[in-house]
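Each step along the sequence shown adds one to the number in our numbering, with nothing skipped, and position 32 is 1265. The C-beta atom is built at its ideal place from N, Cα and C for all residues, glycine as well. Presented below is the structure to which this report refers.
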Amino acid sequence: MNIKDELKNELISNTFSVKWKVRSDIGPNWIGSNREICFYKNSKPMDENLTHSFLKESLIKKLNIPEKSEDDTIEGDGDLFMLGNDLVIKYTISYTIPYDYPHKYENGEVVLISE
């Protein structure tokens, strides 16, 4: 069984979601930009395994999540679900300059993995 089939089976009886953050170069309590992505299964963080890595790579590619950000802190979250044979994410993203309010938002749905 491949990863796509395993995910389809898992989505039948579980919920999957994701949160990510790309820190700006300089912000409150940090220096240096980095990216963090965590997938959740039934509201519990998933272990770093092949499925998590596969989902992470798909998310980065489809939503163009940068590895680093010079000025903005980028935060996003989403819920994963099956639509036909496709794995889809419904997501929201906000862009914030540290010490300020978000100045840009995005939301939508995109196919992460298709048949």
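Whose CA, out of Phe1249, Val1255, Leu1240 and Asn1247, lies closest to the CA of Ser1329? Walking along the sequence shown from the start, residue 1329 turns up at place 96. Note on residue identity: the sequence assigns Thr, not Ser, to residue 1329. Comparing Cα-Cα distances from Thr1329 to each of Phe1249, Val1255, Leu1240 and Asn1247, the minimum goes to Val1255.
Segment contact flag, the region 1253-1273 with the region 1314-1322, C-beta cutoff 8 Å, min 3 pairs: Under the Cβ criterion (8 Å, minimum of three pairs), the region 1253-1273 does not count as touching the region 1314-1322.
Buried or exposed (CB count within 10 angstroms, at least 16 for buried), Ser1246: For the purposes of this step, residue 1246 is identified with residue 13 of the sequence shown, where counting begins at 1. A residue is called buried once 16 or more other Cβ atoms fall within 10 Å of its Cβ, and Ser1246, having fewer, is exposed.
Enumerated in chain order, which unbroken segments of the alpha helix (DSSP H) with a length of 4 residues or greater are wholly contained in the region 1272-1325? List check, alpha helix (DSSP H) in window: 1283-1296.
Using the C-alpha atoms, what's the distance from Lys1295 back to Asp1304? Here residue 1304 refers to the residue found at position 71 of the sequence shown. Here residue 1295 refers to the residue found at position 62 of the sequence shown. Taking the straight line joining both Cα atoms gives about 22 Å.
For Lys1241 and Leu1345, what's the separation of their Cα atoms in angstroms? Your numbering for residue 1241 matches position 8 in the sequence shown. Your numbering for residue 1345 matches position 112 in the sequence shown. Cα to Cα, Lys1241 sits roughly 13 Å from Leu1345.
I'd like the span of the beta strand (DSSP E) that includes Asn1340, first residue to last. Numbered from its first residue, the sequence shown carries residue 1340 at position 107. Asn1340 -> beta strand (DSSP E) spans Pro1335 to Ile1346.
Tell me whether Thr1306 is buried or exposed, calling it buried when 16 or more other Cβ atoms sit within 10 Å of its Cβ. As a working note, residue 1306 is residue 73 in the sequence shown. Classification for Thr1306: buried.
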